[in-house]
Ligand SMILES: O=C(O)CCC(=O)C(=O)O
Ligand SMILES: [Fe+2]
C-alpha cells in the first residue's frame, strides 16, 4: 500500500503535542449521499490554502467515502489546481489541445464553441471507465470544478466498485483473483470514432504516446487496501493468457455486473461545485447532453504514487492491431 502521510486522527493532538491548525473559516460538516458512498461537505472555502491539518480532515473523508462534493465554491484556475494538487501529483491529459491556457494541469471539458471552434473537450468519458487506467501509474483522484451547468441533465454517474467486488459470487472472486487485464487507451464497447460514446479520439502523435499495460482485475486499493473491481469497463481489452473472445466475454460479464443501477449514484451539478472521486474504487460515466446546452467543467487528475502489479507490455498501442 502507498504510505499514508496524514494522521489517522487529523482532528486530534499529534505526537509532538502541538495542537492541530484549524482556521475559524474551516468548520466542515459532512452529509453522506444516499447511495451508500459519497459525501457532501459544507463549511469549507477552497479558495484559500488549507493547512496540513485541515486538508487531512478532507483527505480522510475522501478515502472513507470515495466521492466528495464541495458545493458553491468560487475559484480561479490556480486556486482550483492548488486544491486538486493536494491529492497527489497532477498528470496533464494526453489531449493537450484543451489544456487551460493558465495551467496545463487543467483540462477544459466543454461543449461550448466560440468563433466556430470548440473551447474544450466535448463528450469526454460518456461510458463507464476509470481515469488513466490505460497508464501504468493510473489516476488516484479526479477533481472537477463546475463552471457552467446545462439546463437539462449533465450529471456524472458513479458506480461503487468495492460494493461490486463484494457482491460477486465466491467462485468468481476465485476465478478473477490471479487475472491481469490488458489495457490501452480506448472504450472496449465502442470503438467507432464517429460515435459520441467512443473514447475521445487521439491524434496519431497522441496515440503513439499511449502504452499497452496490465492491471489486476481484483485490485487492492493502494491506500485503503480494500479490494475493488478495477476498470472492467473502459480501457480493458483482454486478459493475460486468455483467448481474446473468452477474455472479452468475461470482461463484458463483469462490466454488466459492476454497473448495475444498485451500485450507481447520479451526481447533479450546481455552478461552483468541486467534486473529487476515487478512481481505484469507482467507475464513472459522463451523460450525453444536448450539444447546444452549454456545459463546462475544469478537470485536474492526480496520479497514484506507485504502480502496484502493473506491467508495460508495449510502449504504444498505435499499430498494435488492437
Ligand atoms: O464530464 C463528465 O461528467 C465526466 C467526464 C470524465 O469522464 C472525466 O472528467 O474523467
Ligand atoms: Fe473520466
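Residue numbers (our numbering): 309 to 630.
Glycine residues also receive a C-beta, built at the ideal position from the N, C-alpha and C atoms.
Integer-rounded CB distance, given that residue j should sit under 8 Å from residue i
| i | j | result |
| --- | --- | --- |
| residue 441 | residue 523 | 6 Å |
| residue 362 | residue 331 | 7 Å |
| residue 559 | residue 543 | With a Cβ gap of about 11 Å, residue 559 and residue 543 do not count as contacting. |
| residue 402 | residue 517 | 6 Å |
| residue 388 | residue 358 | Wrong, their Cβ atoms sit about 13 Å apart, outside the cutoff. |
| residue 625 | residue 515 | 7 Å |
| residue 381 | residue 355 | 7 Å |
| residue 412 | residue 365 | Between residue 365 and residue 412 the Cβ distance is about 30 Å, and since that is not below 8 Å, they are no contact. |
| residue 527 | residue 588 | 7 Å |
| residue 432 | residue 594 | 6 Å |
Beta-bridge pairing of residue i - partner residues as DSSP gives them
| i | result |
| --- | --- |
| residue 406 | None, per the DSSP bridge assignment. |
| residue 528 | 535 |
| residue 425 | 422 |
| residue 360 | Note: residue 360 sits in no beta bridge, so no partner. |
| residue 546 | 490 |
| residue 560 | Looking at the DSSP assignment, residue 560 forms no beta bridge with any residue, so it has no partner. |
| residue 592 | 437 and 466 |
| residue 452 | 583 and 607 |
| residue 523 | 489 |
| residue 341 | The partner list for residue 341 (beta bridge, DSSP) is empty, contrary to what the question assumes. |
| residue 622 | 520 |
| residue 411 | 408 |
| residue 375 | 585 |
| residue 497 | Looking at the DSSP assignment, residue 497 forms no beta bridge with any residue, so it has no partner. |
| residue 348 | 339 and 377 |
| residue 398 | 610 |
| residue 305 | The structure shown does not extend to residue 305, since the chain spans only 309 to 630, so no value can be given for it. |
| residue 573 | 466 |
beta-carbon residue i near ligand 1 non-hydrogen atom, thresh 7 Å
| i | result |
| --- | --- |
| residue 607 | yes |
| residue 510 | no |
| residue 464 | yes |
| residue 610 | no |
| residue 417 | yes |
C-beta atoms of residue i and residue j nearer than 8 Å
| i | j | result |
| --- | --- | --- |
| residue 504 | residue 434 | yes |
| residue 574 | residue 465 | yes |
| residue 612 | residue 446 | yes |
| residue 490 | residue 414 | no |
| residue 438 | residue 591 | yes |
| residue 451 | residue 349 | no |
| residue 571 | residue 468 | yes |
| residue 460 | residue 577 | no |
| residue 448 | residue 610 | yes |
| residue 477 | residue 614 | no |
| residue 398 | residue 582 | no |
| residue 537 | residue 525 | yes |
| residue 512 | residue 370 | no |
| residue 436 | residue 564 | no |
| residue 368 | residue 470 | no |
| residue 408 | residue 426 | no |
Cβ-heavy atom distance, residue i to ligand 2, below 7 Å
| i | result |
| --- | --- |
| residue 433 | yes |
| residue 505 | no |
| residue 604 | no |
| residue 592 | yes |
| residue 439 | yes |
| residue 450 | yes |
Do the stretch 367 to 379 and the stretch 489 to 500 touch if we need at least three Cβ pairs shorter than 8 Å? no
Segment contact flag, the stretch 617 to 626 with the stretch 511 to 523, C-beta cutoff 8 Å, min 3 pairs: yes
With a cut-off of 8 Å, do at least 3 Cβ pairs link the stretch 409 to 427 to the stretch 593 to 604? yes
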